[in-house]
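For reference, the structure is listed below as structure tokens.
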Amino acid sequence: MKLVLFFLIFSPITFFSQLKERLSFNDLELMNLVGKVKNIEERVFEVNNKKLTFDNGILMPASFNYNFDENGYVNYKEDIKKIDGKEKISTKQYFTFEKNKPLTELYLITEFADSDSIIYKYKYLNDSLITKTNFSKSYKGLTERITISGNKEFSELSYPSEKVLESKTLEYNRNNKFVFKETIGFDDKEIIERKYKQNSNCTDFEKENITENKFNINSTQLREYDQLCNLVKITFINKNSKSDLKLEYKYDKIGNWIEKKSYNFAGRIYSITKRTITYY
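Just so you know, the sequence shown maps onto residues 3 to 282 in this note's numbering.
Now the structure itself:
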């Protein structure tokens, strides 16, 4: 639960969490989208007895709207839920900053339909992010300090005048697009280490090692991609078992997927994701 909590409160937009990648590539590239995408409506449906039911998600929303500018960066992201048979925006996330000036401060606003907003302040020095601070009532002052050295990105998460709650190191390849190694440490000495390998032009999650309370948990994932770098198969391997999850896609004429079928370990479809994409 601790990992989920940290993810929820300090990773509001996943494509903004890895700094070196976003300094080198726009959001369309990081989301494996091609063409001049303007909007995406993405909806996930659970499949049960061949019937489709809107998936509201459990810990995290499952359906989203994205709006991109003409340079391929996200203007805003909306989390979508269905309430009383109607789609509602449960959360909206967007950036505010002074345009046409050197970037020194940027704010990420997360507006919730049923609770207080969360505000993240990103502070820059010479175009490099150095701090990310949370100004919500529940987590006021929670700060992530970020430094970059060579192909490594370091971050520490803490409250003012308190010990470090979480530290993380990301190691990138030469062009800063792929993470090869990720190490996360917590205040109670739990350590998670993930190693990745590059498979063609795709990022392949290779191995995860978790050390917690002197017990080691090792697992391996093997991932396969189609020619457009979309994930089509995940093989989970541990000491006693091996199992597969598979995915299938339909594409539009531009080359972006517009339907994804997800299969469970038994080979049955458990969800279908549908996209409506508009272009500039």
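The beta-carbon is built from N, C-alpha and C at its ideal position, and this holds for glycine as well.
- DSSP, read as helix, strand or coil, puts residue 159 in strand.
- Here residue 258 is buried. Its C-beta has 16 or more other C-beta atoms within 10 Å.
- Assigned with DSSP and collapsed to three states, residue 89 falls in strand.
- According to the DSSP secondary-structure assignment, residue 244 is paired through a beta bridge with 239.
- Ranking 241, 184, 240, 248 by CA distance to the CA of residue 225 puts 248 first.
- A straight line joining the alpha-carbon of residue 240 with that of residue 85 spans about 40 Å.
- Each of 153, 147, 231, 173 was checked against the Cα of residue 161, and the nearest Cα belongs to 147.
- Annotation: the continuous beta strand (DSSP E) that includes residue 172 extends over 168 to 174.
- For residue 188, DSSP records a beta bridge to 168.
- Listed in chain order, the non-local C-beta contacts of residue 185 below 6 Å within the same chain comprise 171, 195, local neighbours out to five positions each way being set aside.
- Residue burial is scored here from C-beta neighbours: residue 55 has fewer than 16 other C-beta atoms within 10 angstroms and is therefore classed as exposed.
- Secondary structure at residue 31: helix, using DSSP grouped into helix, strand and coil.
- Per DSSP, residue 52 lies in no beta strand (DSSP E) segment and is marked neither H nor E.
- Distances from the alpha-carbon of residue 230 to those of 95, 254, 223 put 254 closest.
- DSSP places residue 146 inside the beta strand (DSSP E), whose first and last residues are 145 to 151.
- Selection 276, 278, 277, 250 evaluated against residue 265 yields 250 as nearest (Cα-Cα).
- With contacts defined by Cβ atoms closer than 9 Å, residue 69 and residue 41 form a contacting pair.
- Assigned with DSSP and collapsed to three states, residue 111 falls in strand.
- Here the alpha carbons of residue 167 and residue 29 stand approximately 29 Å from one another.
- A direct Cα-Cα distance of roughly 5 Å separates residue 78 from residue 95.
- For residue 261, the enclosing beta strand (DSSP E) begins and ends at 259 to 265.
- Judged by their CB atoms, residue 157 and residue 169 are nearer to each other than the 9 Å cut-off.
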